[in-house]
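Numbering-wise (our numbering), the sequence shown opens with residue 136 and increments by one.
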Amino acid sequence: GTMRQVQTGPTALMCLLTGQALDSLSLVGAEARIAGAALMALLVAAVSVLLGMLRVGSVVNFISHTVLSAFCTASGITIGTSQIKYVLG
């Protein structure tokens, strides 16, 4: 069945990618990881503002529905397979 409260989407993928980026920086400790995530968020915000000012978002109009659907499906597979090691122990 479905639940309104539990929805997988781009947020889960972004959390997974953020965690992997922090792992690759060898940040240990909660404070260092929080600071790294905050810095990464500020950098992404700056790039997003820059791309918005340059009107790069209009490129999305040329991406077909099939490609966007495939991206969402691949994201779900990536999230699922990355969590198998935690489920199986």
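Every residue, glycine too, gets a C-beta built ideally from N, C-alpha and C.
Taking the Cα positions, F197 is about 26 Å away from L152. The DSSP-derived three-state label of L162 is coil. Membership of L223 in the alpha helix (DSSP H) is indicated by the continuous run H200 to L223. Our two residues, G215 and G154, have alpha carbons roughly 15 Å apart in a direct line.
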